[in-house]
Amino acid sequence: MTNDRVIELLRSAYNDEMETVMNYLTNASVLDGVSAAEVKDSLRTDAKQEELLHAERLGKRLKELDAQPPASFEFEPEQEALQPPDDTADVLSVIDGVIEYEQAAIDTYRSLLEAARDADDPVTEDLAIDILSDEESHRSEFRSFRKGYRE
7 MTNDRVIELL RSAYNDEMET VMNYLTNASV LDGVSAAEVK DSLRTDAKQE ELLHAERLGK
67 RLKELDAQPP ASFEFEPEQE ALQPPDDTAD VLSVIDGVIE YEQAAIDTYR SLLEAARDAD
127 DPVTEDLAID ILSDEESHRS EFRSFRKGYR E
């Protein structure tokens, strides 16, 4: 039986995914410079094809558990390091912000996985494993981008 901790983590992850979509699309829109093109493309693709899908899947799981995802009045922004840089050519700060928040997402999904196991909720467990894999892949991609930049 699913417990309150699982619901809390699902809602938190949903909030984080929606904030990530907003920040990735904003950064993809404002970054400048030739060196920014690959990062912008990755942010745009990830926002549309992964993060938004994650949010949809989390929302669906919440509904299946007789809960609901947070709506805009409950939204709690937390991603300070993913705010667009004042210098729109500062691609490195965006890369570092992505790495930081992909790690935070990984930590959240690991906590969700553990909570789902403790609650004997294999469906949420599978969902956490699936999304965790995507987050680890995206962190790895941005670590690669990071290697191409010098401070």
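If you read the sequence shown in my numbering, its first letter stands for residue 7, the second for the next number, and so on.
The beta carbon of each residue, even a glycine, is placed where N, CA and C say it ideally should be.
Going by C-alpha distance, which of the options is nearest residue i?
i	options	result
Glu106	Arg63, Glu147, Leu31	Glu147
Ala77	Glu23, Ala53, Lys54, Asp38	Glu23
Asp38	Thr114, Ile135, Leu59, Leu98	Leu98
His144	Leu119, Val36, Ala110, Leu68	Ala110
When you compare only the Cα positions, how much space is there between residue i and residue j?
i	j	result
Ala95	Ala42	7 Å
Pro75	Asp126	21 Å
Ile112	Glu141	6 Å
Phe151	Val45	8 Å
Ala19	Glu82	11 Å
Leu138	Arg17	16 Å
Lys153	Gln55	25 Å
Tyr115	Val40	34 Å
Arg149	Asp52	15 Å
With a threshold of 6 Å on Cβ separation, who are the neighbours of residue i within its own chain once the five nearest residues in sequence on each side are excluded?
i	result
Ala121	Arg11, Val12, Leu15
Gln85	Glu25, Asn29, Tyr107
Counting only the same chain and skipping the five closest in sequence on each side, list residues whose C-beta sits under 8 Å from that of residue i.
i	result
Asp47	Ala34
Ser117	Leu15
Arg50	Tyr30, Leu31, Ala34
Gly65	Tyr20, Gln74, Pro75
Can you list, in chain order, the residues of its chain with a C-beta nearer than 7 Å to that of residue i? Leave out the 5 residues immediately preceding and following it.
i	result
Gly103	Ala87, Leu88
If we count Cβ pairs, one from each stretch, closer than 8 Å, do we get three or more for the segment 82-95 versus the segment 125-140?
no
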